[in-house]
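Student:
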Amino acid sequence: MQEGEIKVAVLGAAGYAGGELLRLLHQHPKVGAVRAFSSSHAGQPLSAAHPSLIHVQVAEFEATAPKAAAEWADVLFCALPHGESQTIIDELLTDNTVLFIDLAADFRIADTNRYEAYYGAHTAPHRLGEFTYGLADVLGKGLAGATRIASPGCFATACLLGLYPFVPSLCGKSVCFGITGSTGSGAKPKPSTHHPARAHNLFAYEIDGHRHEAEINHQLAQWQANGQCRLLPHSGPFVRGIHATLSLVCEETLGDSIEQLHDAYAASPFVRVYDTPPQLAAVVGTNFAHLHATRHKREVIVTCVIDNLVKGAAGQAIQSMNLALGFDETAGLTFPGLFPC
Ligand SMILES: NC(=O)c1ccc[n+]([C@@H]2O[C@H](COP(=O)([O-])OP(=O)(O)OC[C@H]3O[C@@H](n4cnc5c(N)ncnc54)[C@H](OP(=O)(O)O)[C@@H]3O)[C@@H](O)[C@H]2O)c1
């Protein structure tokens, strides 16, 4: 490890988000040592869970040891299923100075009532107020010095990036029609992620109240927006990515919708605005979000595409790390995508 390089630990490293963290961290210029923790793959090489990491020259997975990881690391990424990080947080974050970045939903919603309405009881509600919601492309340097970051959900990221530029003009309910790829459900096979059920298929799910609605509307309330957003999630026949189409009702005084996007994201290196609706494959494998907007009287239609595992998970979390530690925001994240993919 060279001087100035940091030590990073990943919990849940055998999962999809964990694997993507490992892929990106191993080519990050400020990251020295990386340790990967997994209960199911302890003692095995990274390629046992992530075949494409066969050329990464690091030690194997280690048995999950959250407290030891937090004591050793400068930065600890937690990529465990929802509900796990809230059960270990008090043991993890004692007197160490680790930057803790959680990719699960456990600490994304500071409002306990709203959290419990969607997720049930929280086991560490006293910690909810400690976290910054890491919507990196909006917060930017506002993340400097943060020590506890709750990384947004993938659907929520795409939806909020589409909503944010129009917040001052919103009036009434917005709707986000979102389609996700199968990696959004994690590495454990389920009937809804089985290839024959997923390929050449498209279906809605959780349309009566997907959990990401909670963080979307919590964030809208933080921004003092006039109105809430409904999320209509769909499962699409592809592996990576989220395509979000939003319908917003705005005040008549709103100016040109594309200019709104340009103005809102002028200082955001990973948000690109286009004159035509973006295509999903252009962002797959990247940390970029591509957006477009068009206006019909008071209705604004925004489209946003992201890679759920990069911008919607590992990439955004690393971007937050860069911003929190005062690194160049783009460090280790400017790689191009895969097209065709
Ligand atoms: N997939 C996405 O697109 C995405 C996007 C944004 C955020 N996230 C969030 O990131 C976190 C990880 O998501 P993922 O898609 O990577 O999930 P995943 O593929 O299922 O991986 C989660 C990992 O956590 C470990 N784990 C520890 N306790 C577990 C338990 N009780 N049950 C199951 N696994 C357990 C497992 O590894 P070991 O058993 O080996 O320890 C597993 O590999 C989740 O909170 C998810 O909501 C995911």
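Numbering (numbering that gives the first Met the number 0) for the sequence shown: 0 to 340.
C-beta atoms are modelled at their ideal positions from N, C-alpha and C, and glycine is treated no differently.
#1: Could you work out which residue in A265, I305 and Q259 is closest to A281 when comparing CA atoms only?
#2: Between which residues of its own chain and Y264 is the CB-CB distance below 6 angstroms, once the five residues before and five after are set aside?
#3: Alpha carbon to alpha carbon, how far is L92 from R297? Give it in angstroms, no decimals.
#4: So the candidates are P124, P151 and N112; which of them puts its Cα closest to the Cα of I87?
#5: From the DSSP output, read off the bridge partner residues of V177.
#6: For I215, which three-state DSSP category applies?
#7: Express the C-alpha separation of G18 and H194 in angstroms, rounding to a whole number.
#8: Whole angstroms are fine: how far does the CA of P268 sit from the CA of D101?
#9: Go ahead and pull the three-state DSSP assignment for C153.
#10: So C158 and C228 are supposed to be a Cβ contact under 8 angstroms. How far apart are they, rounded?
#11: Using the Cβ count rule (16 or more neighbours within 10 Å means buried), how would you classify Y204?
#12: Could you give the distance in angstroms between the alpha-carbon of D274 and the alpha-carbon of H261?
#13: Given this structure, state the Cα-to-Cα distance separating V9 from T244, to the nearest angstrom.
#14: Just curious, the beta strand (DSSP E) that L290 is in, first and last residue?
#15: Residues bridged to E70 by DSSP?
#16: Would the beta-carbon of L332 fall within 8 angstroms of that of N286?
#17: Given A149, which residues of its chain have a CB within under 6 angstroms of its CB, disregarding the five upstream and five downstream residues?
#18: Report the CB separation of G314 from L45 in whole angstroms; it is logged as a contact under 8 angstroms.
#19: So is E258 buried or exposed if we call it buried at 16+ other beta carbons inside 10 Å?
#20: Apart from the five residues on each side of it in sequence, which residues of its chain come closer than 8 angstroms, Cβ to Cβ, to S173?
#21: Look up T384 in the DSSP assignment and say whether it is helix, strand or coil.
#22: To test your reading of the DSSP string, which unbroken alpha helix (DSSP H) runs of 4 or more residues are found completely within the segment 12-74?
#23: Among V309, R294, H295 and V299, which has the Cα closest to the Cα of A288?
#24: Check whether the segment 197-216 touches the segment 140-148, counting contact only when three or more Cβ pairs, one atom from each stretch, lie closer than 8 angstroms.
#25: With DSSP run on the structure shown, which of helix, strand or coil describes T275?
#26: Output the boundary residues of the beta strand (DSSP E) element that contains D101.
#27: Is E83 near ligand 1, going by C-beta to nearest heavy atom under 7 angstroms?
#28: Hey, how far is the Cα of F202 from the Cα of T182?
#29: As an exercise, report each continuous alpha helix (DSSP H) stretch of at least 4 residues that is fully enclosed by the segment 83-142, in chain order.
#30: Got a sec: does ligand 1 put a non-hydrogen atom nearer than 7 angstroms to the Cβ of G17?
#31: Assign A58 to one of two classes, buried (16 or more other C-beta atoms within 10 Å of its C-beta) or exposed (fewer than that).
#32: Per DSSP, what kind of secondary structure is A8 in: helix, strand or coil?
#33: Please classify A16 as buried or exposed, where buried requires at least 16 other C-beta atoms within 10 Å of its C-beta.
#34: Could you tell me the boundaries of the alpha helix (DSSP H) in which C206 lies?
#35: Among the residues of its own chain, which have a CB less than 7 angstroms from the CB of T122, if the five just before and after it don't count?
#36: Are the CB atoms of H40 and A32 within a distance shorter than 8 angstroms?
Tutor: According to the structure data:
#1: I305
#2: V270
#3: 48 angstroms
#4: P124
#5: According to the sequence as given, residue 177 is Gly; it is not Val. P232 and A243.
#6: Assigned with DSSP and collapsed to three states, I215 falls in helix.
#7: 21 angstroms
#8: 23 angstroms
#9: helix
#10: 6 angstroms
#11: exposed
#12: 11 angstroms
#13: In a straight line, the C-alpha of V9 is about 33 angstroms away from that of T244.
#14: Residues A288 to H295.
#15: BP columns for E70 are empty, so no partner.
#16: yes
#17: Closer than 6 angstroms at Cβ, skipping near neighbours: D101, F106, R107, F130 and Y132.
#18: That pair is no contact at about 19 angstroms.
#19: That one is exposed.
#20: L162, G226, Q227, C228, R229, L245, S246, L247 and V248
#21: Because the chain in this structure spans residues 0 to 340, residue 384 falls outside the shown range and cannot be described.
#22: 15-24 and 65-71
#23: V309
#24: Taking 8 angstroms as the limit for Cβ pairs, the verdict is that the segment 140-148 does not touch the segment 197-216.
#25: coil
#26: L98 to D101
#27: yes
#28: The alpha-carbon of F202 is positioned some 15 angstroms away from that of T182.
#29: 84-91, 111-118 and 135-138
#30: yes
#31: exposed
#32: strand
#33: When all chains shown are included, A16 counts as buried.
#34: Note on residue identity: the sequence assigns Ile, not Cys, to residue 206. Element bounds for I206: n/a, residue is neither H nor E.
#35: Close CB contacts of T122 within its chain, under the 7 angstroms cut and outside five residues either way in sequence, are with Q85 and T86 (chain order).
#36: no
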